[in-house]
Amino acid sequence: MRTLIAKQLEAEFPIFAFSHCRDVVAAVSKSGGIGVFGALGKTPDQLDMELTWIEDQIGDRPYAVDIVVPATSLDRDEADPGAQARLEAMIPAGHRQFVEDILSSHGVAPDPDSTRSTERVGNSAAQIALVDVVLGHRPRMLVNALGPMPKAVVDQVHRAGMLTGGLVGSPTHAERQRANGVDVMVAQGTEAAGHTGQISTMVLVPQIVDAVSPAPVLAAGGIASGRQIAAALALGAQGVWTGTIWLTVDEADTDPVLKARILEATSTDTTQTKSMTGKPNRFLRNDWTDAWAAPGAPEPLPWPLQLKLTNPAMARINRSQDPRLLGTSVGQSVGMVNTARPARRVLLELVEQFTEAAGTMTDLLDEV
Ligand SMILES: Cc1cc2nc3c(=O)[nH]c(=O)nc-3n(C[C@H](O)[C@H](O)[C@H](O)COP(=O)(O)O)c2cc1C
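Heads up, the sequence shown is in the numbering used here, so the first residue is 29 and it goes up one at a time.
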């Protein structure tokens, strides 16, 4: 697994582990992989604290940071201090009532914090502001989801000696990333957790490899075993980028009720829904996603309005612990995740399975 990107990042294994939980990021990086800290939802001070903690844990080992600045958003007038309040006012009363009806029909209590602010939710300027925090630390790579980082940010990150990366779901996305100077493509298939397109990993990865060669490509979406890592490298990827498999590791701060649901779920228990953010997101199917998919349900609003609408509702659902409504972004590989184990064990098992799969393929050549 000594691919170019592994050598460049000085990682033992080019296995990237996306997580919003710093303990998972640190555990993976300490074990020879590359933890990726998801910064979405963090304030600059919180992010600074989290990255300081991670670096204290892992020393010089490599890790990365991920932000979410969408290429298309209604949130464009970033210099205007009243912009977020105006966006909030664009949410129709009918949508608010629809959400209230879902929650009240499940007995979810009102929010004790009635002044909860959605000012930072889906706020592109707030995400961009996190870049300065990242540059004050020493991750090896900064990655953006939902479109290329602005060219000025790419240049800033390069000047700090870090690589830039972008999640892509089609060759057109990859071309846009390359036009802005982004180094590493994360080719993420439709089976992945989170915001995904329509093309499967198996079909997407070779297309992205061909489109951007010799730029490095990481395969993402559905990868939960070392056999799949061998397949990804055979497709031309230089590494893999994973998310779902880390939700249930011992270190993960995933809600225990949700963890149990994830461990039980099969690969058909996910759905691609716009009901969380306004953009297609692969999510654990539950009463919330079903309600938005039912006949007569309102169309989800465009980003960031849907995010601002759902964010306070999710806080209420999390407090209620109602298993019918608790959910998370999750990929189809959820059906392959059936036991909770330490992150190190999961990582080393991926490596063992990869070695075995690569050996099997080499044996095939010997027999020719
Ligand atoms: C709970 C969860 C939240 C996610 N949030 C983000 C995010 O904020 N930014 C991002 O780039 N990707 C996010 N992703 C997607 C991952 O980065 C990764 O591409 C995906 O999980 C890979 O597919 P897999 O889940 O099949 O392994 C998230 C994934 C999960 C499981």
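Cβ coordinates follow ideal geometry from the N, Cα and C atoms, glycine included.
In the three-state scheme derived from DSSP, where H, G and I count as helix and E and B as strand, S59 is classed as coil. Residue side-chain check: V210 keeps its Cβ at 6 Å or more from all non-hydrogen atoms of ligand 1. Judged by DSSP secondary structure, V365 falls outside any alpha helix (DSSP H); it is assigned neither H nor E. Our two residues, T270 and W81, have alpha carbons roughly 22 Å apart in a direct line.
When the five nearest sequence neighbours on each side are left out, the beta carbons in the same chain lying within less than 8 Å of the beta carbon of A368 are those of T276, V277, D278, K287, L291, in order along the chain. In this structure, the CA atom of V171 is about 12 Å from the CA atom of F44. The beta carbon of D315 is closer than 6 Å to those of R352, L353 in its chain, skipping five residues each way along the sequence. Under the three-state reduction of DSSP output, R255 falls in the helix class. Annotation: the continuous beta strand (DSSP E) that includes I95 extends over 91 to 96.
Taking C-beta atoms under 8 Å as the contact rule, A280 and V52 qualify, at a distance of about 5 Å. The Cβ atoms of M213 and A202 lie closer than 7 Å to each other.
Between P120 and E327, the alpha-carbon positions lie close to 11 Å from each other. Inclusion of L263 and P234 in the CB contact set at 7 Å is warranted, their separation being smaller than that value. Note on the stretch 156 to 242: whole alpha helix (DSSP H) runs with a minimum of 4 residues are 179 to 187, 199 to 207, 229 to 240, in chain order. A distance below 7 Å separates the beta carbons of W331 and K307. Residue side-chain check: T192 keeps its Cβ at 6 Å or more from all non-hydrogen atoms of ligand 1.
With 16 or more other Cβ atoms from the protein chains shown falling within 10 Å of its own Cβ, P98 counts as buried.
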